[in-house]
Amino acid sequence: AQSVTQLDSQVPVFEEAPVELRCNYSSSVSVYLFWYVQYPNQGLQLLLKYLSGSTLVESINGFEAEFNKSQTSFHLRKPSVHISDTAEYFCAVSDLSHGAQKLVFGQGTRLTINP
Amino acid sequence: DGGITQSPKYLFRKEGQNVTLSCEQNLNHDAMYWYRQDPGQGLRLIYYSQIVNDFQKGDIAEGYSVSREKKESFPLTVTSAQKNPTAFYLCASSIPGAYNEQFFGPGTRLTVL
């Protein structure tokens, strides 16, 4: 079965600084990867996804993630963060084993932006 | 607007009582899911259903039950057998396919006193 590891439970950064949230997954023949964002007391919203094609995927609010098959990673980056980016971020991989269609989530990374 | 609704937003119950959490979607999705979220533990899958009248246990199904009588609805019952029911519960749905992108509801925070 698939597994996902988010290496940092909390990441504090200053506003306008760059940030990287790390995500590694267990290897599989084919893999579909997602980053979701969760604001306090809300559900999860899809931030970006990798399904196929270009290994660099981007979101509308300046985040990007790069699929690296050899390192089994899907790290999330933003060159300059804003206070409004404060949230919890979850990496997920699609698990298609045994005919089921499930997402396996990492434990989350809490991003805190300091002014 | 299409989406997933969960009600209520906050729910309080006394220990030993069963409680049912509602999840409704108008996205015409076949698959629906229930997750439990605890601080520092990410999302854990409780139950999922890929089609009406069928559902499967997830990783932490003990103490929970579900039904899927209609495509739009996937209620979750937290029974008195669930030892630690206080948590944030999230419902999701997806179009069955090769990659399973899921759409989430706003969540229900259950507190058992």
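Quick note, the sequences are listed as chains A and B, same order.
Under the working numbering, think of the first position of the first sequence as 35, with each following residue one higher.
Under the working numbering, think of the first position of the second sequence as 284, with each following residue one higher.
Even glycine gets a Cβ: it sits at the ideal position worked out from N, Cα and C.
{"Query": "Rounded C-alpha distance that separates B/Tyr330 from B/Pro358", "Result": "10 Å"}
{"Query": "Residues within the region 368-386 of chain B neighbouring chain A, beta-carbon criterion of under 9 Å", "Result": "Phe371, Leu373, Cys374, Ala375, Ser377, Pro379, Gly380, Ala381, Tyr382, Asn383, Glu384, Gln385, Phe386"}
{"Query": "Among B/Glu355, B/Gln333, B/Ala364, the one whose alpha carbon lies nearest that of B/Ala344", "Result": "B/Ala364"}
{"Query": "8 Å Cβ cutoff met for B/Tyr347 and B/Val335", "Result": "no"}
{"Query": "Cβ contact check for the region 306-323 of chain B and the region 112-128 of chain A: 3 or more pairs under 8 Å", "Result": "no"}
{"Query": "Reduced DSSP secondary structure (H/G/I, E/B, other) of A/Ile117", "Result": "helix"}
{"Query": "Segment contact, 8 Å Cβ cut-off, at least three pairs: the region 41-57 of chain A with the region 100-110 of chain A", "Result": "yes"}
{"Query": "Cut-off 6 Å between Cβ atoms - residues of its own chain near A/Lys83, not counting five sequence neighbours on either side", "Result": "Phe68"}
{"Query": "Near the ligand FMN: B/Val349 beta-carbon under 7 Å from a heavy atom", "Result": "Of the ligands one can find in the structure shown there are none, so the ligand FMN has no counterpart to examine."}
{"Query": "CB contact below 8 Å: A/Tyr66 versus chain B", "Result": "yes"}
{"Query": "Where the beta strand (DSSP E) containing B/Thr303 begins and where it ends", "Result": "302-308"}
{"Query": "Proximal chain A residues relative to B/Tyr330, where beta-carbon distance stays under 8 Å", "Result": "Within chain A, no residue comes near B/Tyr330; the closest Cβ sits about 11 Å away, beyond 8 Å."}
{"Query": "Contacts that A/Ser43 makes with chain B (C-beta to C-beta distance below 8 Å)", "Result": "Gly323"}
{"Query": "Cross-chain neighbours of B/Ala344 in chain A, by beta carbon under 7 Å", "Result": "Within 7 Å Cβ-Cβ: nothing; B/Ala344 doesn't reach chain A, min ~13 Å."}
{"Query": "Within-8 Å CB hit, B/Gly390 to chain A", "Result": "yes"}
{"Query": "Host beta strand (DSSP E) of A/Thr39 (start-end)", "Result": "38-40"}
{"Query": "Per-residue contacts from B/Gln308 into chain A (C-beta, under 8 Å)", "Result": "Near B/Gln308 there are no residues of chain A at all, since even the closest Cβ is about 12 Å away, more than 8 Å."}
{"Query": "Supposed close pair B/Leu396, B/Lys292 - CB separation, criterion 8 Å", "Result": "Not quite, the Cβ-Cβ distance comes to about 17 Å (not below 8 Å), so this is no contact."}
{"Query": "Beta-ladder partner(s) of B/Gln339, from DSSP", "Result": "B/Tyr331"}
{"Query": "Nearest-angstrom Cα separation, counted from A/Pro113 out to B/Ile378", "Result": "33 Å"}
{"Query": "Cross-chain neighbours of A/Phe139 in chain B, by beta carbon under 7 Å", "Result": "Gly325, Leu326"}
{"Query": "Identity of the residues DSSP links to B/Leu396 by a beta bridge", "Result": "Paired residues: none, contrary to the question."}
{"Query": "Check whether B/Ala370 and B/Asp321 have beta carbons under 8 Å apart", "Result": "yes"}
{"Query": "A/Gly77: contacting residues in chain B (beta-carbon distance under 7 Å)", "Result": "Leu373, Phe387, Gly388, Pro389, Gly390"}
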